[in-house]
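Per UniProt numbering, the sequence shown runs over residues 1 to 90. Idealized CB from N, CA, C, for every residue including glycine. The structure appears right after this line, and notes come after that.
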Amino acid sequence: MDVHNFEKWFDNILNKVESRLVIVLDNAPYHSRLAVRVPNMSWRKADIQAWLLENNISYDENEIEAELLTKFRKQDYNKKVIDEMAARKI
Numbered sequence: 001m002d003v004h005n006f007e008k009w010f011d012n013i014l015n016k017v018e019s020r021l022v023i024v025l026d027n028a029p030y031h032s033r034l035a036v037r038v039p040n041m042s043w044r045k046a047d048i049q050a051w052l053l054e055n056n057i058s059y060d061e062n063e064i065e066a067e068l069l070t071k072f073r074k075q076d077y078n079k080k081v082i083d084e085m086a087a088r089k090i
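What follows is the structure in structure tokens.
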């Protein structure tokens with residue numbers, strides 16, 4: 001199984017079940033794909049700046065990577081694709 005097959009299967013399941021349901025999943029990597037890739041220290045400075053622009057976060061052109069990464073809270077972007085899929089079906 002890969003992430004695309006799992007998400008297709010999960011969407012199919014969501015279309016067939018009632019709205020009040022608990023779905024329990026293990027920690028397989030394809031169960032927890034993040035909806036938004038969040039920058040980290042391995043990203044190039046230009047890529048971090050582009051991500052900040054896409055997310056309407058201001059920064060100074062002279063800031064180094066470590067300073068750019070303090071401009072946002074990672075947990076604000078820690079949403080999983082399947083959680084968003086399930087929320088749309090409610």
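Extent of the continuous alpha helix (DSSP H) run through residue i
| i | result |
| --- | --- |
| residue 85 | 81–89 |
| residue 31 | That residue, residue 31, is in no alpha helix (DSSP H); it is neither H nor E in DSSP. |
| residue 3 | 3–16 |
| residue 52 | 45–54 |
| residue 68 | 65–68 |
Alpha-carbon to alpha-carbon, residue j and residue i
| i | j | result |
| --- | --- | --- |
| residue 16 | residue 82 | 16 Å |
| residue 38 | residue 20 | 31 Å |
| residue 84 | residue 10 | 12 Å |
| residue 77 | residue 36 | 6 Å |
| residue 40 | residue 52 | 12 Å |
| residue 8 | residue 31 | 12 Å |
Candidates the options, of which the one nearest residue i by Cα
| i | options | result |
| --- | --- | --- |
| residue 62 | 28, 13, 48 | 48 |
| residue 42 | 73, 8, 34, 66 | 66 |
| residue 71 | 55, 30, 12, 44 | 55 |
Neighbour-count burial assignment, residue i, 16 or more Cβ in a 10 Å radius
| i | result |
| --- | --- |
| residue 68 | buried |
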